[in-house]
Structure formats: structure tokens, C-alpha cells
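Those sequence lines, one after another, are chains A and B.
With this note's numbering applied, the first sequence covers 453 to 656.
With this note's numbering applied, the second sequence covers 453 to 656.
From the three backbone atoms N, C-alpha and C, an ideal C-beta is built for every residue, glycine too.
The structure appears right after this line, and notes come after that.
Number of protein chains: 2
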Amino acid sequence: MARPKTVPDKKPSRELLLEAAFDLIRSQGFGATTVDAICERAGVSKGTFFHNFKSKEDLGVEAANHWSKVTSELFAGAPYHGKKDPLERFLGYVRFRKEILKGELAEFTCLVGTMIQEVYASHPGVNRACFDSISRHAGNLVKDIEEAKKVHAPKDKWSPRSLALHTQAVLQGAFILAKASADRGLAVESIEHLENYIRLLFKK
Amino acid sequence: MARPKTVPDKKPSRELLLEAAFDLIRSQGFGATTVDAICERAGVSKGTFFHNFKSKEDLGVEAANHWSKVTSELFAGAPYHGKKDPLERFLGYVRFRKEILKGELAEFTCLVGTMIQEVYASHPGVNRACFDSISRHAGNLVKDIEEAKKVHAPKDKWSPRSLALHTQAVLQGAFILAKASADRGLAVESIEHLENYIRLLFKK
């Protein structure tokens, strides 16, 4: 009797479509990415697309939400959380951001930062989901920054949340420099200025 | 004899088209901006568009070049150049960037930073013109940073050019936060962290 064929796990169409959207939007932006191109990349029909998403705008919202989920898992599992000193955890986060600048530009730059540039006025729902992603990601840094501030810079006037958001501004700007120059080196240098700022701010 | 009618100065079609491109691309990105929409906003015919530009890509290149020209004039005429201390000139530049965050988001955010996100892989000619714009703008800061470094931080290892580019990364990232949150306040806070970094770096 023949053994049953091993069937490789097949990803659900929804996930294939979201991953295709990640690739295309990170390569060329939201405006230039058509539903047809997403279907072609995902290898699914247009009917399947519209079974999963009401519109391209809806896909944009869900792509931002899926981005939040995927990146949350990546950062939750990163090694810097194991450090005892809150400042070392925060600096470990910044160094981790530098370490993951690998592969092609479209593989390490930010889906939601890219989309915001185009959708902020024309697709407010997509923009909200993108800001929610950045805002929650920054929010995850606030506790470590607060603890580090209590120890190293208790009298300083800046707020931990503003510093968390500033790290995101630097990272987003660093991605733009990397894309513009086709050189991740400029992104690395900018993140190193951020590291330097954090050390100076905490007198370390 | 009747006096000749006063004819108001009419802008050349090329300039009307470039200004329409500025407005539309800063509002919704390069991908979502069609030649038809640019012509409609400029109030000129499609024939006139193609008399001035070979293609949408060519318009993108010329928009980035025109952006360089317009912004160069704005910054060349800004008051911070009059300060005697090179560090005060550099800090004056950063404060000036904060002061000009006025009006609508599309009026104070950056044309070339927005375009880079979308065009870096698909329209290399446009991307080159955008990087040239940012790179030359950053280049204008290098002399003041060099002079300030000689006086205040001669032994530090960072390069003046890397700090000039880092200022651009922060500004670009600050624009993304402003667009995402519809709140220029987040951009202001990020630029204030940059100011704080510069003061700490130069021990001022």
C-alpha cells in the first residue's frame, strides 16, 4: 500500500495576500501597488482577494495590522529584554534595530512608515492603522526609558514617550536615507548618532 | 487713445505644472498622482504637459530639481546665517526648521522625502534627483558643523557630514510622525530632541 503523500502546509490565501502586499508596498509604495499585482504575486484570484478584503483601502488597513502583529513577535523575542539594567535594555533595542538592517532595502525598511507618506490625507483609515502600529511599538519602550530616567536623569524635562517616539523618527528617517542612497551605511550612522544621544542624555 | 491693458504676469506653464506636482505629490504621493490630475490642477492641457516633460518620470526628476532650487533660496535667505558663532548658526538652522512647520501638512512636509519612499527601486532617476536634493542641503550644513566641532568637540570621532545627514533623518522622520498623528507637535518634540543632542554633543 502506497504511503500517503506528504502535503506541504499551505498558507491561507489571506496570509499570502498580506505577504504579497508587504513585498510590493515596501518596494514601490501603496499608490503604485494594484490589487491585480497583489493577486499575481500571491498566486490567488481576484475573487479570493475580494473574499478577504472589501477594497484596496481595507487591504491597507489589514496590512498595517498584520505588520503590527509580525513585528511585535519579532521584538518580543529579541535578546535585549534579558538585560537587567533598563538603560541597557533600551540601548539594546537601538542596537538590535541596527543589526536587523540586512538584506534588500524592501526587506528591512518599514511598511507603515512608507504608507503614511502617501495615505495620511487620502486614506485616513490606513493612516490610523499605521500610526497605531508605530505608536504601540514606541509605547513598548516607554517603561524601560522611564526606569532609566529615574536612575540616570531624574531632573530632565523631556518625557519618556517623546524619547520613544524620537527613536522612531530617527529610524524612519534613516530608512529614507538608506533608500535614497542605496546604502544602509547612512542608516547605520544615523542610528549611531541616536545611540550617542541616549548615552549623553543618560550620562553614560 | 486707450491705454494698453495691464496684463497680470502669467507664470509659465512649466512652473504651473511643477507647482501642481508639488501640491499633489506632497498630499498623496507620487504613485497616486496622475498626469491628468497634474494638468487639471495646473489648468493646462496634456499637450502642454508633454511639451514640457517627456513622461511622469521626467516630471518627477524635474520636480525634485525644482524643489532643490526653491528650498535653496528659502534657506539661503534665512536669518541664522548672520550669527557669528558656527554652533549658533547650526542650532539656528535647526530652530528655523521647527519654525517653518506651519500651515497644512502638505505645505511643510518634504516633497523629496515623500517621493524616495516610493521611487527608490522603481524610478531610479527620480530617486537620484531626490537624494541629490537632500545630500546638497545637508552639505550646506557641513562647514558650520566642522567649525563648531573644531572649537567644542575636536576629539570626537563622528564626522560633520554624518551629523548633517542625521539632522535630515530626524526631520524626515519627524514629518512621518506629524503625518501619522495629524499633529505637528510630535515633529516639534523630535526636532527638540535633535537640538538637545547637538547641545550635549558640543557641551553647550
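Contact between the stretch 547-564 of chain A and the stretch 636-650 of chain A (3+ Cβ pairs under 8 Å): They touch, by the three-pair rule.
Proline 612 of chain B to lysine 601 of chain B span [Cα, whole Å]: The straight-line gap from Cα to Cα measures roughly 8 Å.
Proximal chain A residues relative to cysteine 491 of chain B, where beta-carbon distance stays under 9 Å: Within 9 Å Cβ-Cβ: nothing; cysteine 491 of chain B doesn't reach chain A, min ~18 Å.
is_contact[tryptophan 519 of chain A, chain B] using C-beta, thresh 8 Å: Judged by the 8 Å Cβ criterion, tryptophan 519 of chain A is not in contact with chain B.
Sufficient close CB pairs (3 or more, under 8 Å) joining the stretch 581-596 of chain B to the stretch 500-512 of chain A: The answer is no - the stretch 500-512 of chain A does not touch the stretch 581-596 of chain B, with fewer than three Cβ pairs under 8 Å.
Distance, phenylalanine 502 of chain A Cα to valine 522 of chain B Cα: Distance between the alpha carbons of valine 522 of chain B and phenylalanine 502 of chain A is about 44 Å.
Buried/exposed call for methionine 453 of chain A, threshold 16 Cβ in 10 Å: Any reading at methionine 453 of chain A must be qualified, since the residue scores a pLDDT of 48, below 50, and its modelled position is unreliable; the value itself is stated next. With fewer than 16 Cβ atoms within 10 Å of its Cβ, methionine 453 of chain A is classed as exposed.
Alanine 472 of chain A, enclosing alpha helix (DSSP H) - first and last residue: From DSSP, the alpha helix (DSSP H) with alanine 472 of chain A extends over 465-480.
Beta-carbon contacts of asparagine 517 of chain B that lie in its chain and below 6 Å, excluding the five residues immediately before and after: Excluding residues up to 5 positions away in sequence, Ala581 lie with their Cβ nearer than 6 Å to the Cβ of asparagine 517 of chain B in the same chain.
Three-state secondary structure assigned by DSSP to tyrosine 532 of chain B: Residue state, collapsed to three classes: helix.
Secondary structure of aspartate 596 of chain B, DSSP reduced to three states: Secondary structure at aspartate 596 of chain B: helix, using DSSP grouped into helix, strand and coil.
8 Å Cβ cutoff met for alanine 630 of chain B and threonine 561 of chain B: Cβ distance < 8 Å, so alanine 630 of chain B and threonine 561 of chain B count as in contact.
Cβ of leucine 638 of chain A within 8 Å of any chain B Cβ: By this cut-off, leucine 638 of chain A is an interface position.
Inter-residue Cα distance where the pair is proline 531 of chain B and glutamate 556 of chain B: Proline 531 of chain B and glutamate 556 of chain B: Cα-Cα distance of roughly 23 Å.
Contact set between leucine 511 of chain B and chain A, taken where Cβ atoms lie within less than 7 Å: Chain A residues near leucine 511 of chain B: none, gap ~15 Å exceeds 7 Å.
Closer than 9 Å at the beta carbon, the chain B residues around phenylalanine 482 of chain A: Correct list: Gly481, Gly483, Ala484 and Glu570.
Phenylalanine 654 of chain B - DSSP class collapsed to helix/strand/coil: Looking at phenylalanine 654 of chain B - three-state DSSP - the assignment turns out to be coil, as it is neither helix nor strand.
Residue from B:Leu623, B:Val578 and B:Glu540 with nearest C-alpha to isoleucine 477 of chain B: That would be B:Val578, whose Cα lies nearest to the Cα of isoleucine 477 of chain B.
Chain B contact residues for glycine 565 of chain A, given Cβ-Cβ distances below 7 Å: Simply Ile628.
DSSP three-state assignment for lysine 506 of chain B, whether helix, strand or coil: Coil, per DSSP.
Residues of the stretch 538-562 of chain A whose Cβ lies closer than 8 Å to any Cβ of chain B, in chain order: Under the 8 Å Cβ criterion, the stretch 538-562 of chain A contributes Leu557 and Ala558.
Given leucine 638 of chain A as reference, the closest of B:Lys655, B:Met567, B:Leu638 and B:His618 once Cα atoms are compared: Checked all of B:Lys655, B:Met567, B:Leu638 and B:His618; the closest Cα to leucine 638 of chain A is B:His618.
Contact check, glycine 534 of chain B vs isoleucine 628 of chain A, beta carbons under 8 Å: The Cβ atoms of glycine 534 of chain B and isoleucine 628 of chain A do not sit closer than 8 Å to each other.
Contact set for glycine 483 of chain A: own chain, Cβ-Cβ below 8 Å, skip 5 residues either direction: Closer than 8 Å at Cβ, skipping near neighbours: Glu570.
Residue closest to leucine 653 of chain B, alpha-carbon to alpha-carbon, out of B:Gly591, B:Ala626, B:His604 and B:Ser524: For the residues B:Gly591, B:Ala626, B:His604 and B:Ser524, the minimum Cα distance to leucine 653 of chain B belongs to B:His604.
For valine 496 of chain B, three-class secondary structure by DSSP: In the structure shown, the three-state DSSP call for valine 496 of chain B is coil.
Any C-beta of chain B under 8 Å from that of leucine 653 of chain A: At a cut-off of 8 Å between beta-carbon atoms, leucine 653 of chain A makes contact with chain B.
Residue from B:Lys554, B:Phe542 and B:Ala573 whose Cα sits closest to the Cα of alanine 590 of chain B: Among B:Lys554, B:Phe542 and B:Ala573, the Cα nearest to that of alanine 590 of chain B is on B:Phe542.
Neighbour list for isoleucine 586 of chain A in chain B, Cβ cutoff strictly below 7 Å: Counting only Cβ-Cβ distances below 7 Å, isoleucine 586 of chain A has contacts in chain B at Ala632, in chain order.
Cutoff 8 Å: serine 642 of chain A Cβ touching any chain B Cβ: Yes, serine 642 of chain A lies at the interface with chain B (some Cβ there is under 8 Å from its Cβ).
Segment contact flag, the stretch 464-476 of chain B with the stretch 460-471 of chain A, C-beta cutoff 8 Å, min 3 pairs: No, they do not touch.
Any chain A beta carbon closer than 8 Å to tyrosine 532 of chain B: It does not; no Cβ of chain A falls within 8 Å.
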